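This report concerns only the one structure given below.
There are 2 protein chains.
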Amino acid sequence: MYTTMSSSTTTTTSPSKPQFRNKLVSSLNDIFVFVGGAILALLLLWSFCSFVSPNSTITFNISSPTRPKPTKLVEPTNSETTPPMNCAQNELAHDPPDHTFYDDPTLTYTIDQKPIKNWDQKRQHWLAHHPSLAQPDRILLITGSQPGPCKSPVGDHLLLRFFKNKVDYCRIHGHDIFYNNALLHPKMTTFWAKLPAVRSAMVAHPEAEWIWWVDSDAAFTDMDFKLPLSRYANHNLIVHGWPNMVYEERSWVSLNAGVFLIRNSQWAMEFIHAWAGMGPQTPNYSQWSKTQKATLPDKLYPEADDQSGLIYLLLEENQKWADKIYLEHEFYFEGYWKEIVGSLRNVSDKYLEMERRSTAGGRG
Amino acid sequence: MYTTMSSSTTTTTSPSKPQFRNKLVSSLNDIFVFVGGAILALLLLWSFCSFVSPNSTITFNISSPTRPKPTKLVEPTNSETTPPMNCAQNELAHDPPDHTFYDDPTLTYTIDQKPIKNWDQKRQHWLAHHPSLAQPDRILLITGSQPGPCKSPVGDHLLLRFFKNKVDYCRIHGHDIFYNNALLHPKMTTFWAKLPAVRSAMVAHPEAEWIWWVDSDAAFTDMDFKLPLSRYANHNLIVHGWPNMVYEERSWVSLNAGVFLIRNSQWAMEFIHAWAGMGPQTPNYSQWSKTQKATLPDKLYPEADDQSGLIYLLLEENQKWADKIYLEHEFYFEGYWKEIVGSLRNVSDKYLEMERRSTAGGRG
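Line by line, the protein sequences are chains A and B.
Start counting the first sequence at 1; every next residue gets the next number (full-length UniProt numbering).
Start counting the second sequence at 1; every next residue gets the next number (full-length UniProt numbering).
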């Protein structure tokens with residue numbers, strides 16, 4: 001069985017959405033634990049600031065070396081300007097002449113189109129032409145917030161700190177990270193905004209086997225944590241949740257959609273299409289709002305939301321999706337900060353004790 | 001000769017320091033250019049927000065897999081939790097038993113100690129024991145701002161956007177990035193805060209051949225730009241500046257210290273020691289303030305600053321340092337936004353024209 005030193009991996013302020021979203025800051029609980037470089041915890045209760053007030057034009061700005069570009073641009077024009085390639089470096093200077101899915105003029109990054117067909121084959125073909133990017137289980141972490149300033153006076157400072165936390169985690173573990181602050185679908189605001197971002201990242205980053213969505217207000221509390229990917233080998237979507245709360249209680253807080261890992265795959269193309277189909281950009285939104293409320297007795301507010309949508313698909317389209325969805329509950333893949341903050345002192349003490357023992361016993 | 005499509009690489013708002021620092025936002029010029037994923041420009045005039053109001057305890061929080069840790073912590077405890085290693089991934093799970101400079105109990109990351117001795121040999125020895133991290137010309141970009149919220153209402157939002165710009169650039173080019181928001185020396189605030197950050201990063205990241213300091217208010221305007229490292233092969237510090245303005249005019253704006261590239265080397269250890277020796281943490285600060293003012297006739301304000309200090313060392317300790325300092329002026333390694341913003345439309349047009357030609361002529 002898998003265990004971690006830390007009781008939690010990421011924490012978020014948003015599981016109890018109705019209480020905390022769209023309110024001004026009601027409380028601030030800032031705990032900064034730093035022990036031996038191993039644990040970084042920053043837990044905050046604050047107004048949910050992401051994608052609440054879109055005030056920018058829609059601009060697709062996921063920049064990536066893997067996106068289609070004029071060939072002229074990516075040819076090195078001067079050998080002096082080209083540093084030696086190494087395997088950690090992206091292949092900016094190398095774009096093979098072979099056609100890939102990027103050459104299909106009907107290719108789209110947007111979520112309101114039908115799923116791309118044969119995506120697994122297209123990805124594999126692209127990877128075969130970009131072998132240095134074809135690393136097993138390569139991860140791209142996606143996070144983001146609204147295009148304009150946060151309404152809360154301290155909001156953007158916290159977003160900056162939360163982003164730093166994620167960048168630090170990704171640097172340590174060799175993951176790529178992308179911060180999306182463009183609203184990719186004008187009607188998919190607030191919690192729905194993550195789906196267009198994940199969908200477009202799948203296409204813009206075929207080198208990534210996994211897309212890891214992490215809400216902007218979530219922080220890594222154990223910087224040494226490694227995703228136990230081998231246990232997810234047969235699954236395509238990993239989310240923190242409890243099966244009995246999903247299938248017996250039919251509760252809308254039986255899982256949390258603020259942090260999830262999704263395999264860049266045909267399955268994900270189709271799942272996101274079904275998932276996003278309950279969103280505010282569809283003509284069926286009001287009907288889905290009623291259906292979700294009827295399906296999940298404890299759902300607090302009337303509009304359809306992404307988290308309820310995910311639970312609905314587990315309950316009502318179980319045969320179609322559930323065997324590829326892993327409900328992680330053996331450790332805190334994600335947890336509400338109030339449940340976790342009390343345990344951080346124990347974690348710090350354990351690490352300190354390990355350091356003391358290590359120092360006393362030499363390097364053995 | 002080296003040329004770039006873009007007239008500028010990074011822009012900053014801070015070269016004319018006295019006018020713009022410590023003031024509230026007086027103007028906002030937000031231009032967002034996005035063309036084919038190649039150019040991202042975000043140029044803003046705003047109050048300089050970095051390290052102005054330190055209000056946090058001093059916490060050393062550069063987290064790195066290369067820092068000393070108890071051996072127990074870095075041994076994989078469960079094979080299931082360890083994803084396959086790849087060459088792009090840091091060596092968290094691998095800490096050879098051999099002693100390195102990290103085992104020296106007198107090792108310090110702080111700037112107010114004497115330079116580490118034999119740093120080049122110590123780095124090489126460490127690299128020999130961590131071969132997968134020993135990539136030629138590996139770059140770590142360092143940026144940062146003050147620990148607390150910015151006083152300007154829009155300041156932290158802009159810091160978030162500027163940080164995103166740097167993270168995007170680093171992802172594309174395979175550079176590591178670290179955002180420092182800890183004040184590493186209580187007296188080295190504002191523009192002096194960069195020196196302790198760079199000094200500690202050199203020790204925390206022996207895998208980095210180059211440390212690239214970029215001010216928090218600077219943005220990359222050409223996301224395809226590559227540092228022309230081969231032309232810097234015989235130099236240890238690269239900064240944007242004009243030799244005639246340094247040596248003939250003795251002007252305090254003859255170079256800009258807001259963006260510089262410094263080789264992780266014994267030379268840098270000693271140069272930063274000399275450079276920081278004019279800072280507010282030393283008993284000689286007021287004397288240095290007078291000396292700098294006397295040396296640079298156009299210097300506008302009385303306190304010693306880092307930029308004037310760098311020019312002073314070029315002028316008055318020329319024999320000791322200048323042959324390893326490269327004043328880049330053939331392209332905008334860094335430039336003041338007002339000088340650059342007008343040229344961005346031309347750059348966009350050129351890229352668009354290249355895209356049109358590429359589309360018309362196929363992929364050849």
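Glycine included, C-beta positions come from ideal geometry on N, C-alpha and C.
Note that the structure is predicted; figures quoted are calculated from it, not measured.
Alpha helix (DSSP H) segment containing residue i, residue limits
| i | result |
| --- | --- |
| A/E328 | Looking at the DSSP string, A/E328 is not in any alpha helix (DSSP H); the run it does join, the beta strand (DSSP E), is 325-328. |
| B/V198 | 194-204 |
| A/N318 | 318-321 |
| B/L127 | 119-129 |
| B/T295 | 285-295 |
| A/K252 | Lys is not the amino acid found at residue 252 of chain A; the sequence shown has Trp there. It is not in any alpha helix (DSSP H) - A/W252 carries neither H nor E in the DSSP assignment. |
| B/E207 | No alpha helix (DSSP H) holds B/E207; DSSP gives it neither H nor E. |
| B/S269 | In the sequence under discussion, the amino acid at residue 269 of chain B is Met, which differs from the Ser named in the question. Start and end: 266-276. |
| A/K299 | Unbroken run through A/K299: none, as it is neither H nor E. |
| B/E334 | Premise fails: B/E334 is in no alpha helix (DSSP H) and is neither H nor E. |
Among the options, the one whose alpha carbon lies nearest that of residue i
| i | options | result |
| --- | --- | --- |
| A/G144 | A/S230, A/L159, A/S152 | A/L159 |
| A/A233 | A/D215, A/N244, A/R263, A/V246 | A/R263 |
| B/H99 | B/F271, B/P115, B/L237, B/H129 | B/H129 |
| B/I142 | B/V259, B/Q124, B/D112, B/R357 | B/V259 |
| B/S254 | B/R199, B/V203, B/S265, B/I311 | B/I311 |
| residue 386 of chain B | B/K114, B/S289, B/D156 | For chain B, the structure presents residues 1 to 364; residue 386 of chain B sits outside this window and is missing. |
| residue 365 of chain A | A/T291, A/G148, A/K114, A/Y109 | With chain A represented from 1 up to 364, any question about residue 365 of chain A goes unanswered, as that position is not in the structure. |
| A/I139 | A/P149, A/M202, A/N256 | A/M202 |
| A/K117 | A/L127, A/F101, A/W126 | A/F101 |
| B/T190 | B/V347, B/D306, B/R123 | B/D306 |
| B/M278 | B/L352, B/L195, B/G309 | B/G309 |
| A/K114 | A/E316, A/A268, A/L314, A/G148 | A/A268 |
| A/P149 | B/Q146, B/P153, B/N284, B/P147 | B/P153 |
| A/Q146 | B/R161, B/N256, B/G174, B/L127 | B/R161 |
Beta bridge counterpart(s) of residue i as assigned by DSSP
| i | result |
| --- | --- |
| A/Y176 | First, the amino acid is wrong: residue 176 of chain A is Asp here, not Tyr. Paired residue(s): A/L140. |
| B/V259 | B/V214 |
| A/L184 | Paired residues: none, contrary to the question. |
| B/I116 | B/I116 pairs with nothing; no bridge assigned. |
| B/H240 | B/N256, B/E328 |
Residue interval of the beta strand (DSSP E) (run including residue i)
| i | result |
| --- | --- |
| B/N244 | Element bounds for B/N244: not the beta strand (DSSP E) but the alpha helix (DSSP H), 243-247. |
Taking contact to mean at least 3 C-beta pairs separated by less than 8 Å, is the region 122-137 of chain A in contact with the region 205-223 of chain A? yes
Do the region 210-221 of chain B and the region 294-310 of chain B make contact, defined as three or more Cβ pairs closer than 8 Å? no
Three or more beta-carbon pairs under 8 Å between the region 185-198 of chain B and the region 227-235 of chain B, yes or no? no
Cβ pair count under 8 Å reaching 3, the region 289-297 of chain B against the region 250-262 of chain B: Touching, yes, given that three or more Cβ pairs across the two stretches are closer than 8 Å.
Would you check if there are 3 or more beta carbon pairs closer than 8 Å linking the region 218-226 of chain A to the region 153-172 of chain A? yes
Contact between the region 309-326 of chain A and the region 338-345 of chain A (3+ Cβ pairs under 8 Å): Of all C-beta pairs linking the region 309-326 of chain A to the region 338-345 of chain A, fewer than three are shorter than 8 Å, placing the two stretches out of contact.
Should the region 99-116 of chain A be called in touch with the region 167-182 of chain A, which here means at least 3 C-beta pairs below 8 Å? no
Could you please tell me which residues of the region 170-188 of chain B, in chain order, have their CB closer than 8 Å to any CB of chain A? R171, I172, H173, G174, D176, I177, F178, Y179, N181
Proximal residues, the region 318-344 of chain B versus chain A, C-beta separation under 7 Å: Listed in sequence order: no entries.
Along the region 292-313 of chain B, where does the CB come closer than 7 Å to a CB of chain A? Name the residues. none
Contact list for the region 101-115 of chain B against chain A, Cβ threshold 7 Å: none
With 7 Å as the C-beta to C-beta threshold (strictly closer), list the residues of the region 232-245 of chain B near chain A in chain order. none
According to a CB-to-CB cut-off of less than 8 Å, which residues of the region 214-226 of chain B neighbour chain A? Flagged, chain order: M223, D224, K226.
Could you tell me whether the region 325-332 of chain A touches the region 240-247 of chain A, where touching means 3 or more Cβ pairs closer than 8 Å? By the Cβ test, the region 325-332 of chain A is in contact with the region 240-247 of chain A, since at least three Cβ pairs between them sit closer than 8 Å.
So does the region 345-359 of chain B actually touch the region 273-293 of chain B, counting three or more Cβ pairs closer than 8 Å? No: fewer than three Cβ pairs fall under 8 Å.
Name, going along the chain, the residues of the region 156-167 of chain B whose beta-carbon falls closer than 9 Å to a beta-carbon of chain A. D156, H157, L158, L159, L160, R161, F163, K164, V167
For the region 116-149 of chain A, which residues have a CB atom closer than 7 Å to at least one CB atom of chain B, in sequence order? Per Cβ criterion, the list reads Q135, P136, D137, P149.
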